[in-house]
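>
Residue numbers (this note's numbering): -16 to 161.
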């Protein structure tokens, strides 16, 4: 037998909301932070604060906006710490990014579906190339060496593929009226 108590309904509710909204919170944090590792750190710290303050939340419908505020403050704290090590965007630029990228969960899901659909329209090799820089070891120099291409030619190809995907996504969203 385990000495651990079963989760309370409060714990279950919190975990369910956090899991449901985590992709949107992760995307939001990524618009503010320069590196994925920072996003992980911000979300981990924000999750602790969210749990500590969860009793203050009035309704489940308010979870995402409430959580975004907490994530934003954690991102700002990490940015401030980073400034001591190297230059980063100004507070005004970060605030503008936060406002411009504040999308609803529905809009995020629509964009995600459009991206998935557009990725499905390009070749497997190109799809892997587009996604590689976002994976753990997807450095452009390493990819270029593996492919027997120059770094510049790989950057140009990635640029063309990203432009193509951007147009595809915009087209899909426009046809949906988003």
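Quick reminder that beta carbons are idealized off the backbone N, C-alpha and C, glycines included.
Residue 128 to residue 146, Cα distance in whole Å?
23 Å
> At a cut-off of 8 Å, would you count residue 125 as near the ligand NAP, judging by its Cβ distance to the nearest heavy atom?
The ligand NAP is not part of this structure, which contains no ligands at all.
> Who are the near neighbours of residue 97 in its chain, counting only those whose CB is closer than 7 Å to its CB and skipping five residues on each side?
152, 155 and 156
> Nearest by alpha-carbon distance to residue 0: which of 50, 17 and 92 is it?
50
> Go to residue 18, then tell me how far its alpha helix (DSSP H) extends in each direction, as first and last residue.
Per DSSP, residue 18 lies in no alpha helix (DSSP H) segment and is marked neither H nor E.
> Determine the direct distance from the alpha carbon of residue 137 to that of residue 61, and round the result to whole angstroms.
32 Å
> Please list, in chain order, all residues of the same chain as residue 57 whose beta carbon is under 6 Å from its beta carbon, the five residues on each side excluded.
25, 28 and 29
> Can you grab the Cα-Cα spacing for the pair residue 16 / residue 139, in whole Å?
25 Å
> Rounded to whole angstroms, what is the Cα-Cα separation between residue 141 and residue 64?
32 Å
> For residue 46 versus residue 4, is the C-beta spacing smaller than 9 Å?
yes
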